[in-house]
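Beneath this line is the structure, given in structure tokens, with notes to follow.
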Amino acid sequence: MDYHIHTQFSDGEADYKEVIDLSIERQLKSIAITDHFDPFDKALRNKDASYEDLYEHFNRIKAYAAHKEIEVLCGIETCTDFKGNLRVSDKVFNLCDVIITSPHYIEFKGEIEKEQYFNPFYWESYKQKVLNMAEGEGHMLGHPEGYLPIKEMLLPGRTTYEERKVICRQIADRFFDEAYIKDLGSRLRKSGKAYEIHGATHTPREWVIKNLALEPIIFSIGSDAHAMNLLGANEWGYEMARKYSLKLIFDKQL
Ligand SMILES: [Zn+2]
Ligand SMILES: [Zn+2]
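Remember, my numbering sits 74 above the position in the sequence shown when you count from 1.
In structure tokens:
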């Protein structure tokens, strides 16, 4: 399975046909195409995409997938407001099989300084937003420990992808403690929203999965593939799912 995939509709490398064909080749049984759709995220290439654009995109996917040996869900990845409420129209909401809400940005009023990655006020706001999102609308909470919103702290060209992953891990270790994970778990249990095991970054930390599994909550497994080498790269997620007998979204079994 792979419930987090991007195509050329947003910032993915391949078109939906390549994604579907390659998914079959890689023996995936069920996938979700979840392009970015967030009119409030100015950084997005497709920030101006409309309901009609999405409708057409989904129709093309469904037509192409109809006679293929794979389940293809149509959805979006979007950020919420600070309270965890979706900011897409009801029409968009009803069109989607699945909605991933990811904390791509936070509403932070304080000052953000370059290369100061450990501002405790910033990360307190982040945690509060993620807690709100856990209780809020949408089906999955996307990569809450990976791809943290540090863009405004970065100096262009100064860090590599790998270095940014290390920074995110250090932030998680410093601020995302057991009490926070406990709170997150109980909110996810109440809302029934799934927590994403993120193939691209191998997040969250293993002890987080272990603790959340005890709650128990539902998990989702997604690669977040933008480039096709990552499509279906969820071996680590499967390993975690087996090791901790995770409950998976849509009642899927491995
Ligand atoms: Zn994302
Ligand atoms: Zn994504």
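In this text, a Cβ means the ideal position worked out from N, Cα and C, and glycines have one as well. Just so it is clear, the structure is predicted and the values come from calculations on it, not from any experiment.
Where residue i falls, given that 16 or more other Cβ within 10 Å makes a residue buried
i	result
T108	buried
H141	exposed
S124	exposed
K267	buried
N133	exposed
D325	exposed
L222	buried
A117	exposed
K201	buried
R119	exposed
As assigned by DSSP and simplified to three states, the class of residue i
i	result
I94	helix
E145	strand
M214	strand
I171	Per the sequence shown, residue 171 should be read as Asp rather than Ile. If DSSP states are grouped into helix, strand and coil, D171 belongs with coil.
L286	helix
Y77	strand
H300	coil
H272	strand
A307	coil
S104	strand
D109	strand
K321	strand
E185	coil
S199	helix
I295	strand
H219	Correcting the residue identity first, residue 219 is Glu in this sequence and not His. Looking at E219 - three-state DSSP - the assignment turns out to be coil, as it is neither helix nor strand.
K87	According to the sequence as given, residue 87 is Glu; it is not Lys. It is coil, neither helix nor strand.
Rounded C-alpha distance that separates residue i from residue j
i	j	result
K183	E99	47 angstroms
G149	K91	16 angstroms
L70	Q244	Look at the range of the chain in this structure, 75 to 328, and you will see that residue 70 is not part of it.
K203	Y235	25 angstroms
L160	P230	31 angstroms
G216	Y179	12 angstroms
D89	F83	7 angstroms
S265	R279	22 angstroms
P205	D95	In the sequence on display, residue 205 carries Leu and not Pro. Whole-angstrom Cα-Cα distance: 37 angstroms.
C170	C153	15 angstroms
K321	N308	16 angstroms
E270	G86	19 angstroms
Residue i Cβ short of 7 angstroms to ligand 4 heavy atom set
i	result
H178	In the structure on display, ligand 4 does not appear, and the ligands it does have are ligand 1 and ligand 2.
Neighbour flag for residue i against chain B, beta carbons, 8 angstroms
i	result
E211	Among the protein chains of the structure shown there is no chain B, as only one such chain exists.
Which residues end up in the neighbourhood of ligand 2 when you take C-beta atoms closer than 5 angstroms to any of its heavy atoms?
After applying the 5 angstroms Cβ criterion, the set is E151, D298.
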